[in-house]
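Only one structure is covered here, and it is reproduced in the block below.
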Amino acid sequence: MSGLATWHALAELWSVLTRLPKPARASPEQALQVVRRVRSVYDVRPVDPAVYDEAMQRCTDRLLSSGVLFDALHLVAAEHAGADALVTFNGSDFLRLTAPSSPRIVIPPDPPEVTL
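Numbered according to the numbering used here, the sequence shown spans residues 28 to 143.
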């Protein structure tokens, strides 16, 4: 099994970790350590401009707006990479964005039974 992440996803990961409610909130240094750990485990790729265009078009076609674009970017990037699955705790956010070419949306247990 192999994993893929985009540089955009790593920036979002850092952002989320540093804005979680206390006591779960990570310091910027802790969040950076997590991002570096993810980078060591996953194949990290840039997002092609065509992915941005397709994600915005998909949101527009479905009359979706605002932050849903960031979920669309992750999903369309996974499609372009030929991913078999996209793992997320926010399944409903992604299911509304799927297309026939989309990877399977996998929702792990919360809290997860495995850690990085």
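Even for Gly, the Cβ is constructed at its ideal location relative to N, Cα and C.
Quick check: residue 130 and residue 111, are their CB atoms within less than 7 Å of each other? Yes, Cβ-Cβ distance for residue 130 and residue 111 is below 7 Å.
Three-state class that DSSP yields for residue 89 in the structure shown: When DSSP states are grouped into helix, strand and coil, residue 89 belongs to the coil group.
Residue 120 vs residue 98 beta-carbon contact at 7 Å: Yes, these two residues count as a Cβ contact at 7 Å.
Quick check: residue 132 and residue 118, are their CB atoms within less than 7 Å of each other? Yes, the pair counts as a contact, with Cβ atoms nearer than the cut-off.
Report the three-state DSSP secondary structure of residue 120 (helix, strand or coil). In the structure shown, residue 120 sits in a helix (DSSP, three-state: H, G or I).
Within this structure, are the beta carbons of residue 104 and residue 113 separated by less than 7 Å? No.
I'd like to know whether the C-beta atoms of residue 58 and residue 41 end up nearer to each other than 7 Å. In this structure, residue 58 places its C-beta atom within 7 Å of the C-beta atom of residue 41.
Relative to the C-alpha of residue 135, which residue among 122, 116, 76 is closest? Nearest C-alpha to residue 135: 116.
For residue 72: DSSP bridge partner residues: Answer by DSSP bridge pairing, in chain order: 33.
C-alpha distance - residue 45 paired with residue 96, whole-angstrom precision: Using only the alpha carbons, I get a separation of about 21 Å.
Member of 86, 125, 84, 90 whose CA lies at the smallest distance from the CA of residue 102: Checking every option, the nearest Cα to that of residue 102 belongs to 125.
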